Structure formats: structure tokens, C-alpha cells
Amino acid sequence: MARALTSTAPLAHATPELRRIGLADLRDALSRGFDDFLAAPTQLVFLGLLYPVIGFVAARAAWGGPLLPLLYPLLAGLSLMGPLMAIGLYEISRRREQGHAVSWLDAFAVLRSPAIVSIVLLGLMLLGIFLLWLVAAQVIYGSTVGAVPHATPGALLHDVIDTQAGWRMLLIGNLVGGGFAVLVLVLTVVSFPMILDRQVGPGVAIRTSVRAVILNPMAMALWGVVVAAGLVIGTVPLFIGLAVVVPVLGHATWHLYRKVVVA
761 MARALTSTAP LAHATPELRR IGLADLRDAL SRGFDDFLAA PTQLVFLGLL YPVIGFVAAR
821 AAWGGPLLPL LYPLLAGLSL MGPLMAIGLY EISRRREQGH AVSWLDAFAV LRSPAIVSIV
881 LLGLMLLGIF LLWLVAAQVI YGSTVGAVPH ATPGALLHDV IDTQAGWRML LIGNLVGGGF
941 AVLVLVLTVV SFPMILDRQV GPGVAIRTSV RAVILNPMAM ALWGVVVAAG LVIGTVPLFI
1001 GLAVVVPVLG HATWHLYRKV VVA
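Under our numbering, the first residue of the sequence shown carries the number 761, and numbering increases by one thereafter.
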């Protein structure tokens, strides 16, 4: 895996040319992403994927035990796996861009893609980052409010809201979590769409993604804010909005990739 991620001999040897983008490009990417969602609605698929995971984590945490303090980090950390979850959406947008009729079933065509090995490798990278975030969250919890056992969600919520240690945990945790989110944005905003679209290895795709962010720091920072705000809004009510927000953002990311990387 390490050799694949750092390889300097990808299938496509040319370094991709990049463009500068602005606010108008972000708006257009979102508009096109919404159009793709309307053309092939996938909200039921995401409800079917997200709700069992969210329901299991919430139900298990409600019983207390070691999973209780990780409830929020687990749910928040799901966004770190978002680029992998969106890979089928990129495929739908790619096919629609080529003029093909599309449906939600086309999302599963990535399983037959020549890029499946690269997709798996990048997915394992995201999984590693997700696990590191959980470790960091556990350390932050243990060094703030974790000295006192919490048998119920109510007891934990009381210590988080009504104590200085709780506020310190929230501040440090959100800052560290934001750092992980920025890392994922930098590494994947271009890489996942690119390996699906071109014959390149994970190493080239990741380096191109990093270059794209360096070339467009303000636009990419704003895109990160849009994604974060959309995910927060999508959690209300009861995470149902994510079934629309996640697909729209996924399709829009494909069009953002198209605007940044020269065909």
C-alpha cells in the first residue's frame, strides 16, 4: 500500500495541469451537483446506508460503557469517510457528463472500475485517518472529563456543558477534529474523482489534490466551509437531511474536480 501511495511511476505519467477557481466556480459546481442529484436521486440509498450505522452507534452508546464518550466523535468522524462514500456519486456524474442516461444503480458500477484497487487504497488511507481521530478523541476525553465515569448520556452531557473541563474538551476536540477534516479535504478533494476519471495511481492523485489546494487556498477553504455547513444542516432533523446533502455535495465535488484539473 505504501509503495502504491508514493509511487512515482503511475499509469499516466504526465503531471495534470491545474486551474485557478473562484466563488463563481463553487456556485456552479453546487448547481451542477444538484442537477445530477435530481437526474439520479440516491437519497434512499444513503438513508439505507447511514441510518443503520447511526442507529447502532446511538443505541449502543445509550447503554453507557466505553462507547458512550465516543458517540459524538464517531458520528462527526463519519464525514472523514465521506469521499469514499461519494465514489459512486462521482461515477453517476461522470456518466451523465458523457451524455449517458443514469440511475442510482450506476453508483455501483465503480465495483467494476479499473480503478478499484486505487479506490480501495485511498479508502484504507481514510480509514486510518478515521481511527487516528478516534484515538485522539479518546485521549482528549480522558485528559479532561474522563477522570469521572459516566454511566448514562445525561451524566456525560452534564459534565460537558456545566464544567470547565467539559468546555475545554469541546474546544480542544473541535479544533483537533477540524484539523483532521482539513487533512482529508487536502488529500481527497481531487484524488478520488481523479482516480475514477484517469489512469493514475493513488500517489499522483493525492499529490494533485494537494497541489490543487495550494493553488486555490481561499476557494478550497470556502469549499470546506460549505461542506461542513451542509453536513451540520443535514443532521437536522434526525440526520434525515444528510440523505440529500451528501449526494449533492458528492456530485458537486466531481464538478469541482473538473474545474480545477484541466481535461
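Heads up, the beta-carbon is just placed ideally off N, CA and C, and yes, glycines get one too.
None of these values were measured; they are calculated from a predicted model.
Take F806, set aside five residues on each side of it, and the residues of its chain with a beta-carbon closer than 6 Å to its own are A1003 and V1006, in chain order. Around V942, the same chain offers G984 as residues with beta carbons nearer than 7 Å, after the five sequence neighbours per side are excluded. Contact annotation: I879 and D866 have beta-carbon atoms that are not nearer than 7 Å. In the structure shown, L827 adopts coil according to DSSP, grouped into three states. Closest option to L931, judged by alpha-carbon separation, among T948, P909, L956 and V905: V905. The closest CA to that of L831, considering only S903, D922, V862 and L916, is found on L916. In terms of Cβ geometry, K1019 and I847 do not form a close pair [threshold 7 Å]. A contact is defined here as three or more CB-CB pairs under 8 Å, and the stretch 784-802 meets this definition with respect to the stretch 1007-1015. In the structure shown, V1021 adopts extended strand secondary structure according to DSSP, grouped into three states. Residue pairing of L891 in beta bridges, as defined by DSSP: absent, with no partner found.
According to DSSP, residue pairing for L1002 in a beta bridge does not occur. When the Cα atoms are used, W864 and T912 turn out to be separated by approximately 40 Å. Residue environment analysis places A836 among the buried positions, since at least 16 neighbouring C-beta atoms fall within 10 angstroms of its C-beta. For L778 and R787, the gap between their C-alpha atoms comes out near 19 Å. Ranking V949, G902 and P997 by CA distance to the CA of L975 puts V949 first. In the DSSP assignment, no residue is bridged to L882. M978 is classed as exposed because its beta carbon has fewer than 16 other beta carbons within 10 Å across all chains shown. At a Cβ-Cβ threshold of 7 Å, A988 and V936 do not count as neighbours.
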